[in-house]
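Colleague:
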Amino acid sequence: MGARRPRTGHDWKLLAESCTALLERVPELVDEHLRQLFDHSPVYAQVLPYDQQWREAEEAMRIGIETISAPRDSPRRDLEYAEDAGRRRARQGLPLDLLIHAYRNAGYLVWDALVEGAGGREPARLAALMRSTTMVWSAVDAQAEAASEAYRATEAELRRRTDEQLQALLDALLEGKATPGLAARAAAGLDLPEHGPYAVVVLRAERRDAVERPVQGAGFRFIWRMRADGEVGVVALSPGQGLDGVARVLDGRCSGPGGISPVVPGLAELGRARRLAELALRTCPPDGTAVVRLDQRMPTALVVSQPELADRLVSDVFGGLLELEPADRAVLLETLDVWLTCEGSAGRAAARLYCHRNTVFNRLRRLEQLTSRSLARPRDLIEMTLALDAYRLSGARR
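My numbering applies: residue 1158 is where the sequence shown begins, and numbers increase by one.
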């Protein structure tokens, strides 16, 4: 918004004379201006030294007074200075409302001084000044607006840079980097304790959706990071909280699958926690939807952590089974899976499979014949259980 000039050349001449005379009083006005600002809020005195504030206020006031009486086509030095001031104050941390108050306060001081200077002279000068009221305050409004816009833009840029710096710190922790002081800097920037119980959640990328992730829930605080291969969440737990609560908070809030790490004692351990959460995720089958805990998937995690040995286990245990037609093989493996889920109960397994319990027994006996193993022998049962996990989890490679 530009300043409106007086309606007549005579008015402009009288206003220019008043402004020229007022320039001699600028040091006095600046002293009063800063006194009033410091009385209004102690924050002004905390932003930067008094001498620097005085010099900047003096320059701004002189430029502002000169702008009021400058010819219509003159460059708006006042707006350029206001933009610079807005950027400086944003970087210095002065609240925006105090920046605007400073411009308004300076405007009132300048206006009162103009009126006071014209009041003791001929009435024509005061009348000309009154006709210039709108123009003067338009100039003050334009300066305040220019400073505000520059302030907001600078504040947004500073916030973006801060967010990027904090994200870089968090990423470094999740990568397990051992840079001295890294955990302490991240703790200060993220407002988190450096030492305390934490866990990491990893969600698979292809199942990522628009479901809202919990920021806080049941006393937990989640910080999420998007990655090309998935989504990683750092969970800050309160003392005494367990991972069951984390799983409950996530249940229904994301489609899964995902993995939850064991609890680690501080931010410096997030790299290890992230690796363990990824291992937990690898125990989920390709079509899985659950968010699982590593400490409840340890045997399967041992299998998937050694892909070469897992493939060898499948070949050794299910060698004859793998030669069957796919449909026949799928029926036998599904029966084994359901029987294991039902804790070895053929009756419950039959109900789930919609068949007779004798059919379950027949399928299991055939499975024992093809694998040369007995489900009644604990070691054989362990081998078949782990081989089943390895087979299902390697489905995407087969």
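Virtual Cβ for every residue (Gly too), placed ideally from N, Cα, C.
Once DSSP output is grouped into helix, strand and coil, what is the label at V1511?
Modeller: The amino acid at residue 1511 is misidentified as Val; the sequence shows Tyr. It is coil, neither helix nor strand.
Colleague: Considering Cα atoms alone, identify which of Y1548, A1214, V1421 and R1192 is closest to E1465.
Modeller: Y1548
Colleague: Is it true that the CB of V1183 sits closer than 7 Å to the CB of R1219?
Modeller: It is a contact, given that the beta carbons lie within the stated cut-off.
Colleague: Identify whether E1351 lies in helix, strand or coil by the three-state DSSP scheme.
Modeller: coil
Colleague: Give the range of the alpha helix (DSSP H) segment to which R1429 is assigned.
Modeller: Taken as a continuous stretch (DSSP letters only), the alpha helix (DSSP H) holding R1429 covers L1427 to R1439.
Colleague: Could you give the C-beta distance for A1301 and Y1260, rounded to a whole number, given that I count them as a contact under 8 Å?
Modeller: 4 Å
Colleague: Taking the C-alpha atoms as reference points, what is the distance between R1161 and R1246?
Modeller: Caution is warranted here: a pLDDT of 44 is assigned to R1161, below 50, making its placement in the model unreliable, and the coordinate value is therefore given only provisionally. Those two C-alpha atoms are separated by around 28 Å.
Colleague: Please report the Cβ distance between L1172 and S1226, rounded to the nearest whole angstrom; I am assuming they are in contact, meaning their Cβ atoms lie under 8 Å.
Modeller: 5 Å
Colleague: Using 10 angstroms around the beta-carbon of D1254, count the other beta-carbons present and answer buried if the total reaches 16, otherwise exposed.
Modeller: exposed
Colleague: Considering only the alpha carbon of each residue, which of L1481, R1212, I1222 and A1447 lies closest to L1527?
Modeller: Looking from the CA of L1527, the closest CA among L1481, R1212, I1222 and A1447 belongs to L1481.
Colleague: Rounded to the nearest angstrom, what separates R1141 and N1262 at their Cα positions?
Modeller: This structure gives no information on residue 1141, because the portion of the chain shown stretches from 1158 to 1555.
Colleague: Please name the residue, chosen from A1329, L1331, L1493 and E1540, that lies closest to V1471 on a Cα-to-Cα basis.
Modeller: It is E1540.
Colleague: With burial defined as no fewer than 16 other Cβ atoms inside 10 Å of the residue's Cβ, what is the status of V1200: buried or exposed?
Modeller: Sixteen is the threshold: since fewer than 16 other Cβ atoms of the shown chains lie within 10 Å of the Cβ of V1200, the residue is exposed.
Colleague: What residue from P1228, R1248 and T1224 has the CA that sits closest to E1237's CA?
Modeller: T1224
Colleague: Could you please give the first and the last residue of the uninterrupted beta strand (DSSP E) stretch that includes R1382?
Modeller: F1377 to R1384
Colleague: Along the chain, where does the alpha helix (DSSP H) containing G1243 start, and where does it finish?
Modeller: R1234 to Q1249
Colleague: Alpha carbon to alpha carbon, how far is W1381 from R1536? Give it in angstroms, no decimals.
Modeller: 42 Å
Colleague: Determine whether the beta carbon atoms of L1394 and P1354 lie at a separation below 7 Å.
Modeller: In this structure, L1394 places its C-beta atom within 7 Å of the C-beta atom of P1354.
Colleague: With DSSP as the reference, label R1361 as helix, strand or coil.
Modeller: Here R1361 sits in strand by DSSP.
Colleague: Just to confirm, are P1414 and T1446 a CB contact at a threshold of 7 Å?
Modeller: yes
Colleague: In chain order, what residues of the same chain lie with their CB nearer than 8 Å to the CB of T1492, ignoring the 5 residues before and after it?
Modeller: Short of 8 Å from the beta carbon of T1492, and not among the five residues preceding or following it, lie these beta carbons of its own chain, in chain order: A1506, L1510, V1517, R1520, L1521 and L1524.
Colleague: In three-state terms, what does DSSP make of G1274?
Modeller: helix
Colleague: Go through its chain and collect everything with a Cβ distance to A1307's Cβ below 7 Å, but skip five positions before and after it.
Modeller: E1240, G1243 and R1244
Colleague: Alpha carbon to alpha carbon, how far is A1304 from L1315?
Modeller: 16 Å
Colleague: Give me whichever residues DSSP pairs with V1448 in a beta bridge.
Modeller: G1415
Colleague: Helix, strand or coil for D1408 per DSSP?
Modeller: strand
Colleague: Does the segment 1337-1349 come within contact of the segment 1419-1428, defined as at least 3 CB pairs closer than 8 Å?
Modeller: Verdict: yes, contact present.
Colleague: State the beta-bridge partners of A1540 as determined by DSSP.
Modeller: It is worth fixing the name first, because residue 1540 is Glu in this sequence and not Ala. DSSP, once it has assigned bridges, lists no residue as partnering E1540.
Colleague: Would you mind giving the Cβ-Cβ distance between E1332 and G1428, rounded to the nearest angstrom? I have them listed as a contact below 8 Å.
Modeller: The Cβ separation is near 6 Å, so the contact holds.
Colleague: For L1545, I'd like the list of residues in its chain whose CB is within less than 7 Å of its CB, leaving aside the five on either flank, ordered along the chain.
Modeller: L1490, L1493 and D1494
Colleague: Quick check on this structure: which residue in E1215, V1460, A1202 and A1430 has the alpha carbon closest to the alpha carbon of D1328?
Modeller: A1430
Colleague: Taking the alpha helix (DSSP H) that P1456 belongs to, which residues open and close that run?
Modeller: Residues M1455 to V1461.
Colleague: Between the alpha carbons of L1550 and V1461, how many angstroms are there, rounded?
Modeller: 8 Å
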